Amino acid sequence: MKIDKKIQYNAIESKKKPEKKAQIIKQKIYNFLYNKLTINNASKPQIIAFYTSLILGGISLTLAIFGSLLYTLEQKERFDNAKQQAQRETARVALEIDRRLYFAQKSAISVANALTSGQLSNGQLLERLKSEIEANTELLDIGVAYQPFAYQPDVKLYAPYYARIDNKIELFETKINYTKPKYAWYSNTLNKGPNWGEPYLWSDTSVVSDPVVGFFTPFYNPNTQDKSLQGIVYSEYSLTQIRRAMESLDLGRTGYGFIISKTGTYLYHPNEEYFKAQANVFDITYENKDEKLRELIVKALKGTPVGANLTDDVTGQNSWLFLRTVNRNGWVVGIVFIQDEILPDSAVTRRKLIALSIAYLWFAVFLSILLFQAYLGGVKRIAFVSFIITIFFVANIGFIWNLVLRARTYTATKNLLLSDTGVTQLLLPQIELSKELNQQEPLIIPTGVFIQSFDFTSPKDAFVTGYIWQEYQDGVHDDLSRGIILANAIEDSDYELREDYRHKKDGLEVIGWYFAYTLRMDFDFDYYPFDDKDLKIRILHQDFNNGNLNRRVILAPNLNSYNVINPRTTPGVDQEMVLGEWYLRDSFFEYVFKTYNTNFGLLDSVPKTNFPELQFTVILQRSFLGLFISKLGPMIVVLTLLFAVLLTCNREQTMEVLGAAAGFVFIVILDQVTVRQQIITKGVVYLEYFYFVVYLYIFLVTLNFILWSLKPDLQIFKYKDNFIFKALYWPSMMKILLLITILVFI
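Per our numbering, the sequence shown starts with residue 441, numbered consecutively.
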């Protein structure tokens, strides 16, 4: 019993030990903060300095925390609103489709019930079918297919139907033997009862180009006791109306919607190849080895609403996928929303993060003054706090540099072409415009680019070589010439554009051109050495302004020619190029919508507005480390030597200081001249402000010694042998550089 009590006592004591340690640590922290953040027996200036630092530090911390919360909430609200919008659109379209299908289904059921009950005789059938299709303007056709000899004893098969062709209602009769097993719509209805069939294309697509889907329901002979099966009533619905509903979705520039049937067949997709070829989503997911998407589709087909985040390994885009089941027939409506499109412009984000960093910076500055009691004075305290504050300013400058280097402005500001679906979405307005102008739909020519090399011959010019290829399909591009225009090429003695290869197989002709030309761009050097260069290969088809075609000729990226189209993997660029002080950052296709204020002399033509010009863009980032060593290194050395002069010289050595300052100025001027020779710009680049600061501090140090020698009795010079200027040297300089950095990059 005593042993048990002892064990119990030891267990209690062992639990108390960590609690005691925690209490001791808390007490030590409290004592430390109390000693540092309270002031006793201090002079009035010290008290003022203490409370000023305390109040300003508190204000800075409040602004920093409040700003961080606002920034976080704003980002969250932006994503939540976009996500909710996509979810609402998914639900809206699913309900709209359900409503439309209801009316198609209702017509067939109404006729079948009337036939089964005997209210509708065979003689009245045609009139009833006509009245139903007239009442339901969205029906494509409605008809009846009788069982063999069920209509008349001497008529084996009878299947009349009314169809809406070119807005006219006409009577037709099915002549095929629909009772054969290959016509699943008939056999399935006999076996399963009322059902929605799988979509199919009419044999004559010139009449109805979109897929057609039908509802089928049996009807029975009212004159027999057992009401034997007499036939099937069906109503078919063209997906044209559904396509229009899907195209009305507000999903950003490249977001899109799609519909799949119960078996996974595409009923609608912006890429017409999918639903016109009756592509199956499961076949595509197996081909792409996308198990996650396949599992989500299966889940949705079982009736469960789906919402998921997806990342495309090929394009690198993040997206939301929402799936909703149409209750009436088990179809699935899908919405894909590209998350990158809702991200704010990187410049806006950078401004907000810089503002937050400034608030945290000043909190850290005032906190260091309080913790190290710089308000009490003393050489060691002030020198140490001066060093700490300098580090804070340098860190904040580095933080802003990092923001600039990591920024990718194109994700939110450019019309990136990363998928065939995205291309289709961006070209939809062009199709609508062609209809308004009574033109045929635009001709789309798949075009690929490969950059083999480029060399900067001047700060504004780059000599580029590579290949461009195009695909021409027999029966589609027959009236087109074969050729391209390089819109921003300088046709000098080095210009070359020649056909390099031509290959044709199965009606598809591939033509490749080799090009070499000087590319002139208006590069922006304001951020030098944190600048980048956008090399843009502007491509047009040579028939882009051919008035005889009565249609637009538009180039689209041949994305299937690239294994990965993620801009960060730099597709379409030779990875072994030697770039000197540059490195490859991104490459991508984009559309730039141009407006030409002329008809190019074609009297029957109208000026082109918002014409999609295909561009292949390569983004080069300047290698910062090499320039940091070669340009900022000498400046750091000069400033360090200048500080050494300030530390070691006294007022009697003013002439020596003047001589050293003259030498420093000469060194800095030579270095700045080399920078101006490397770039061509009318304004002042970011790096040059560093030179101006060096000039300023050479002047200030020189002025300090001159005044010190002339007015040695001034209190500011007498305190600790000019210590105030020495303590302010680095913090004030870094503060000025930080201010310049903020003004340039904000």
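In this text, a Cβ means the ideal position worked out from N, Cα and C, and glycines have one as well.
Please read these numbers as outputs of a predicted model, since none were measured by experiment.
Three-state class that DSSP yields for residue i in the structure shown
i, result
"residue 1021", "coil"
"residue 938", "strand"
"residue 733", "helix"
"residue 771", "coil"
"residue 516", "helix"
"residue 704", "coil"
"residue 623", "coil"
"residue 909", "strand"
"residue 1170", "helix"
"residue 651", "coil"
"residue 1149", "helix"
"residue 557", "helix"
"residue 642", "coil"
"residue 1043", "Legend: pLDDT at residue 1043 = 48, less than 50; position of this residue unreliable, value from coordinates given subsequently. Coil at residue 1043, not helix or strand."
"residue 1052", "strand"
"residue 589", "coil"
"residue 1189", "What the structure shows of the chain is the stretch from 441 to 1186, and residue 1189 is not part of that stretch, so it cannot be assessed."
"residue 784", "coil"
"residue 489", "helix"
"residue 657", "strand"
"residue 879", "coil"
"residue 766", "coil"
"residue 873", "helix"
"residue 1144", "helix"
"residue 885", "strand"
"residue 637", "coil"
Residues near residue i by beta carbon distance below 6 Å, same chain, minus five either side
i, result
"residue 1031", "855, 866 and 1052"
"residue 625", "637 and 656"
"residue 1001", "888"
"residue 527", "762"
"residue 585", "599, 618, 671 and 672"
"residue 429", "This structure leaves residue 429 out entirely; the chain is present only between 441 and 1186."
"residue 614", "599"
"residue 712", "none"
Own chain, CB closer than 8 Å to residue i, minus 5 neighbours either side, in chain order
i, result
"residue 461", "none"
"residue 1182", "794, 798 and 840"
Residue closest to residue i, alpha-carbon to alpha-carbon, out of the options
i, options, result
"residue 683", "835, 700 and 1151", "700"
"residue 913", "924, 895, 947 and 907", "947"
"residue 758", "519, 950, 496 and 629", "519"
"residue 652", "744, 711, 581 and 1011", "581"
"residue 1026", "783, 924 and 858", "858"
"residue 829", "800, 1153, 1182 and 744", "800"
"residue 717", "1150, 641 and 666", "641"
"residue 951", "888, 900 and 814", "888"
"residue 1096", "1058, 1009 and 1141", "1141"
"residue 932", "960, 921, 711 and 1104", "960"
"residue 971", "1126, 861, 906 and 762", "1126"
"residue 512", "665, 618, 792 and 588", "792"
"residue 804", "1074, 494 and 482", "494"
"residue 1102", "1078, 589, 489 and 1114", "1078"
"residue 775", "523, 675 and 465", "523"
"residue 545", "677, 568, 577 and 1124", "677"
"residue 1063", "1024, 482, 1092 and 820", "1024"
"residue 548", "499, 942 and 573", "573"
"residue 861", "489, 999, 1129 and 924", "999"
"residue 1215", "898, 915, 1153 and 958", "Only positions 441 to 1186 of the chain appear in the structure, and residue 1215 is not among them; the question remains open."
Residue-chain proximity (residue i, chain B), Cβ-Cβ < 7 Å
i, result
"residue 1009", "This model lacks chain B altogether, as it is built from one protein chain only."
Distance between beta carbons of residue j and residue i, contact taken as under 8 Å
i, j, result
"residue 1019", "residue 1060", "7 Å"
"residue 738", "residue 762", "Their Cβ separation, rounded to whole angstroms, is 16 Å, which puts residue 738 and residue 762 out of contact at 8 Å."
"residue 552", "residue 662", "The pair is not a contact, with the Cβ atoms about 12 Å apart (cut-off 8 Å)."
"residue 529", "residue 689", "5 Å"
"residue 796", "residue 1070", "Going by Cβ atoms, the distance from residue 796 to residue 1070 rounds to 32 Å, so no, they are not a contact pair."
"residue 768", "residue 531", "Contact flag wrong, Cβ pair sits at about 15 Å."
"residue 995", "residue 1054", "4 Å"
Close beta carbons around residue i, own chain, < 7 Å, minus the five adjacent residues each side
i, result
"residue 708", "679, 682, 683, 686, 698, 699 and 715"
"residue 1164", "1156"
Residue i CB to nearest heavy atom of the ligand FAD below 6 Å
i, result
"residue 702", "Here there are no bound small molecules, and the ligand FAD is not part of this structure."
Which ranges does the beta strand (DSSP E) cover as unbroken runs of at least 3 residues, wholly within the region 822–861, from first to last along the chain?
-> Within the region 822–861, no complete beta strand (DSSP E) run reaches 3 residues.
Ranges of the beta strand (DSSP E) found wholly within the region 937–1016, counting only runs of at least 3 = Those beta strand (DSSP E) runs which fall completely within the region 937–1016 and span 3+ residues are 948–960, 972–981 and 993–997.
Fully enclosed by the region 1066–1136, which beta strand (DSSP E) runs are 3 residues long or longer?
-> Runs found: none.
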